[in-house]
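If you're matching positions, the sequence shown starts at 0 in numbering that gives the first Met the number 0 and goes up one per residue.
Remarks on the structure that follows.
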Amino acid sequence: MQRCSICIIPDTFPGVAFTDGVCGFCRTRGPAPQAKRTVLGEGALRELLASGAGGSYDCAVPISGGKDSSYVLYYVVRTLGLRPLALFMDSGFTNDFARRNVERECAALGVALVIGEPTVYRRLLVREALETSKRLGRFVRLCGNCENNIRSFVINECRKHGVPFIIWGSTDFEDSAAYFLSAKATTHRRAFGRFGNVFRRAGKAARTLAGRRRGVVDTIAGAAHGLRCLYYGVRDNVASGAPEGARTLNPFLEVSYEGKGVRSLSLFDYVEYDPYPMIETLKREVGWQSPADKESRMDCRIHCFGNFQHLRDTGITRDGFTMAHLVRSGLLSRDEALRREEILARDAEGECREVFDELGVEEGGALAAKPREARVPRT
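As structure tokens, this is what we get:
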């Protein structure tokens, strides 16, 4: 396998041609589209937030203990001088580093913290997703209901406390779909929960099941576990108080912000995103910590499945794809990105096995899948 001489995209990445050692991303697109766009500015953010002032809290900051949401909370308090309500939703698979980061930062900044607990169905859902994945030979629905859990918790707490704004740490850099679509993360987030997106999600699930060439037994077992996964997803949405009325019974539900009486914002639509200086600030000011060289998405212990599957499908982990993006944008050196990617690729399988063991699920075909071989054209 060869890698792009500018970023770290491998020649196994589907549909990306290489010319003289340079991948199509670097050759035809140059800097990432989102690096070129103009942020709206801190002044615009201050003006917007001032329009909702008057309650006990100026805004809510959902915090996971990861770098981006932690920086949002820090920025809101130290730079904007606001009174945020910190909201931490424990998924049931939260990394210990992340949990301690949340507690440490809220104490250091003097911020009120509300903690949401997972329902009993969350782990059952993930267990069934692993059983389904074994039969399909690839990991599916591991993150299943996490976004719904977080959104439901945050919306309900904002309603309870009369908070007008939610400020997230979502960025285009962390969202690979935004790169391919050349769209703001805001646009991508707004699509979540709309009928068309939910319909496409159901179609994707059907195509995944139908498109895997497995034996009859595995196909039937995979479908059975997949249905259980959907069932537990519905139970999870109901138990967590998803604010969607009868739509809560939809197994492909995506909780939307529309009509909920609270406005969702992303800090990085207003201020520049530069992750590694942000990390140093957090370490210095609030004692933020992470596993060595694994600052991205380190807050969830099942994120490793996404990294593993992306590595098998493309030759690079999901986090590695993000780092390639940062390299093209001048926010990370190629050598440093490559060093970190080698660590992620080395550890992904072992981290997946730890979750299998924790949930009492035997390993299956998903971990045994062969890595993608180079098939892309060169010119």
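For glycine and all other residues, C-beta sits at the position ideal for the given N, C-alpha and C.
(request) Decide if S55 is buried, meaning its Cβ has at least 16 other Cβ atoms within 10 Å, or exposed. (result) Translated into the one-based positions of the sequence shown, residue 55 becomes position 56. Around the beta-carbon of S55, fewer than 16 other beta-carbon atoms lie within 10 Å, marking it exposed.
(request) Let me know the secondary structure DSSP gives R338 once reduced to three states. (result) As a working note, residue 338 is residue 339 in the sequence shown. Here DSSP, grouped into helix, strand and coil, assigns R338 to helix.
(request) Identify the continuous alpha helix (DSSP H) that holds P274 and give its terminal residues. (result) Your numbering for residue 274 matches position 275 in the sequence shown. If you look at P274, you'll find it in the alpha helix (DSSP H) that goes P274 to V285.
(request) Indicate whether E284 and Y73 have their beta-carbon atoms separated by less than 8 Å. (result) As a working note, residue 284 is residue 285 in the sequence shown. As a working note, residue 73 is residue 74 in the sequence shown. Annotated as proximal: E284 and Y73, with beta-carbon spacing under 8 Å.
(message) Using the Cβ count rule (16 or more neighbours within 10 Å means buried), how would you classify V119?
(response) Translated into the one-based positions of the sequence shown, residue 119 becomes position 120. When all chains shown are included, V119 counts as exposed.
(message) Across the segment 314 to 325 and the segment 348 to 355, are there enough close Cβ pairs to call them in contact, namely three or more that are closer than 8 Å?
(response) Too few Cβ pairs lie closer than 8 Å, so no.
(message) Residues in the same chain with beta-carbon distance under 6 Å from H302, minus the five sequence neighbours each way, listed in chain order, please.
(response) Stepping through the sequence shown from its first residue, residue 302 is reached at position 303. Here the set comprises R296.
(request) Could you say which of I219, S169 and E279 lies nearest to V270 if we only look at CA atoms? (result) Taking the sequence shown and counting its residues from 1, one reaches residue 270 at position 271. Among I219, S169 and E279, the Cα nearest to that of V270 belongs to S169.
(request) Indicate the three-state DSSP secondary structure (helix, strand or coil) for V15 in the structure shown. (result) Locating residue 15 in the sequence shown gives position 16, where the first residue counts as 1. Reduced to three states, the DSSP call for V15 is coil.
(message) For the segment 79 to 95 against the segment 47 to 62, do three or more pairs of beta-carbon atoms, one drawn from each stretch, fall closer than 8 Å, so that the two count as touching?
(response) Contact between the segment 79 to 95 and the segment 47 to 62 is present, because at least three Cβ pairs lie under 8 Å.
(message) Please return the same chain residues whose Cβ sits closer than 8 Å to the Cβ of L143, not counting the five positions on each side in sequence.
(response) In the sequence shown, counting from the first residue as 1, residue 143 sits at position 144. The question names Leu, but residue 143 in the sequence shown is Gly. Excluding residues within five positions, the ones whose Cβ falls inside 8 Å are L124, V125, A128, C228 and G232.
(request) State buried or exposed for Q308, treating a residue as buried only when at least 16 other CB atoms are found within 10 Å of its CB. (result) In the sequence shown, residue 308 corresponds to position 309, counting from 1. Its Cβ being crowded by 16 or more others within 10 Å, Q308 is buried.
(request) Identify every run of the beta strand (DSSP E) within the segment 21 to 88, keeping only runs that are complete inside it and at least 3 residues long; order them along the chain. (result) Given a length threshold of 3 residues, each whole run of the beta strand (DSSP E) inside the segment 21 to 88 is given here in chain order: 58 to 61 and 83 to 88.
(request) Give the DSSP-derived three-state secondary structure of S151 in the structure shown. (result) Start at 1 with the first residue of the sequence shown, and residue 151 comes out as number 152. Helix at S151.
(message) Taking DSSP's pairing of strands, which residues face L112 in a bridge?
(response) Within the sequence shown, the letter at position 113 stands for residue 112. Answer is A85, bridged to L112.
(message) Just verifying my parser: in three-state terms, what is the DSSP assignment at C3?
(response) Within the sequence shown, numbered from 1, the residue matching residue 3 stands at position 4. Residue state, collapsed to three classes: coil.
(message) Let's see if you can read the secondary structure: which residues bound the beta strand (DSSP E) around I165?
(response) For the purposes of this step, residue 165 is taken as the residue at position 166 of the sequence shown. Counting along the chain, the beta strand (DSSP E) containing I165 begins and ends at F164 to W167.
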